[in-house]
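Down below is the structure, laid out as C-alpha cells.
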Amino acid sequence: MALKLAGQSDNSANNTHSAQNDTFTSNTDGGTNVNKIADDPWEYEGVKKVRSIADTLDNDVYSTSNTATSGKISGDKNIIVTISGIILYVLIALAVAAFAWMTVSGKPVDIYFNIKKFQPLFSFLSLYAIIDSILVFVMVEKRVSLIIFAVILQPFYPLQRNKVINGYAGIGGLVTLAYIVGIIAMIGAVFKGVSTYGNVIRVEDPTVRRDIVVMFNQTMDNGNTYGKLITKYLQIEDAAMNESGGQTLIALTGKGNVSMADEGVFEIGEYNVNTALVFSRDVSGNYNIVSVQLGDKMLTTAGAQSYWHAIKTY
C-alpha cells in the first residue's frame with residue numbers, strides 16, 4: 003500500500019504532466035530533488051534535431067534557389083553582353099557562308115585568292131571574339147578559359163561562352179558545330195586545290211589560272227589527264243602563260259623527280275631537279291610539249307618529246 007505525504011499529490015501531478023512535455027523537470031520536496039524524465043528522451047531529442055536540420059536545409063535550398071534565379075548579370079550589363087553575342091554570331095554566320103561559297107561555288111584553283119578575299123572578315127571575327135571574351139570575363143564571370151578559347155580554340159568559343167553565361171550549351175553549341183563544319187569544308191577545298199594544281203593556285207592572274215586548269219583537265223590519248231601526269235613528276239612552284247605567233251604558251255616550273263642520265267635515258271628519283279616545262283596550245287585546243295629543261299640541261303626538241311613519252315609510259 004503506497005504512502006502519500008501531505009501536500010505531495012498536487013505537485014506530483016504537475017511534475018508528471020511537465021515531464022511529458024519537457025526533457026526533464028525537477029521538483030524539490032524537503033531539500034530532496036526528484037527528477038521526472040520523459041519516456042524516451044533520445045527519441046524526442048532526435049526528432050527535434052531532425053526537424054532542425056530539415057529547417058536549415060529548407061532555408062538553404064530557398065536561399066540557393068533565389069540566388070540561381072537572380073542570374074549572374076542584370077540590367078544594362080545583360081543588354082551589353084546580349085548585343086555583343088548577337089554581333090559575334092552574325093560574324094560567325096558570315097564566315098560560315100564564306101566557307102560554304104568557297105567550297106560549293108568557288109573553283110578549287112581559286113581557293114588561295116578566295117581565302118585572301120575573305121581574310122578581312124576572318125581577321126575581324128578573330129579580333130572580335132577576343133574582345134567579346136574580355137567583355138564576358140569582366141561583366142559575367144572571371145573565367146580565364148573564355149579568353150583561352152577565344153584566342154586559341156576560337157571555333158569552340160561560342161559553346162564555352164554560352165555555358166558560362168547560361169550554364170548550358172544552347173545556341174552556342176549549334177554555332178560551334180556550324181563553324182567547325184565550315185572550317186573542315188574549307189580545309190577540304192584547300193587540299194583539293196593544292197593536290198590538283200600545286201602552286202598554280204598562287205598565280206595572280208585568274209585568266210592564267212583558269213587556262214592552266216583547262217589544260218590540266220584535258221584527257222590525253224592514254225586516258226590520263228595532263229594535270230595528273232604533270233603533278234606526278236613536277237611539284238609546281240610557278241606558272242605563266244604567253245601568247246605568241248597565234249599560239250598560247252604555258253610554262254610550268256618547279257622541282258621535278260626526273261633527271262637525264264644519258265641522251266634519251268631518264269631516271270626517276272627525288273624531287274630535287276629544277277624543272278621547266280613549256281606547252282603550246284594550238285587553235286584546236288590541243289597541247290604539245292615544246293620545251294623541257296632538267297637542271298642545267300636544256301633538252302632538244304627531240305629530247306623534249308622523249309621526256310614526255312617516257313613519263314607518259316612509265
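Going by the numbering used here, the sequence shown runs without a break in its numbering and finishes at 316. Ideal Cβ placement from N, Cα and C applies to all residues, glycine included.
### Query
Closer than 8 angstroms, CB to CB, is F268 near chain D or not?
Judged by its chain identifiers, the structure shown contains no chain D, having just a single protein chain.
### Task
For the alpha helix (DSSP H) containing Y289, list its first residue and its last residue.
Y289 -> not in any alpha helix (DSSP H); beta strand (DSSP E) instead, spanning Y289 to L296.
### Task
Could you tell me how far apart the beta carbons of R204 and Y114 are, in whole angstroms, since I believe they sit closer than 8 angstroms?
5 angstroms
### Enclosing beta strand (DSSP E) for V285 [first to last residue]
Looking at the DSSP string, V285 is not in any beta strand (DSSP E), and its letter there is neither H nor E.
### Message
Restricting to Cα atoms, I'd like to know which of N274, Y289 and V275 is closest to F281.
### Response
Y289
#### Entry: Counted within 10 angstroms of its Cβ, other Cβ atoms place F101 as buried (16 or more) or exposed
buried
#### Entry: Segments assigned alpha helix (DSSP H), at least 4 residues, entirely inside the segment 194-233
208-219
### Message
Among the candidates K109, L90 and M104, whose CA atom is the shortest distance from the CA of Q121?
### Response
M104
### Close Cβ partners of R145 (< 7 angstroms) along its chain, the five nearest in sequence each way excluded
F139 and V166
### Message
Let me check understanding here. Comparing Cα to Cα, which of A152, P208, S246 and G184 lies closest to V98?
### Response
G184
### Message
Assuming I252 is part of the beta strand (DSSP E), what are its boundary residues?
### Response
Q249 to D264
### Message
Let's see if you can read the secondary structure: which residues bound the beta strand (DSSP E) around A318?
### Response
What is shown of the chain runs 3 to 316, which leaves residue 318 out entirely.
### Message
According to DSSP, V275 sits in a beta bridge with which residue or residues?
### Response
G258
### Contacts around G190, its chain only, beta-carbon distance under 8 angstroms, and the 5 residues preceding and following it disregarded
T105
### Task
Assuming S135 and Y159 form a contact by the criterion Cβ under 8 angstroms, report the distance between their Cβ atoms to the nearest whole angstrom.
7 angstroms
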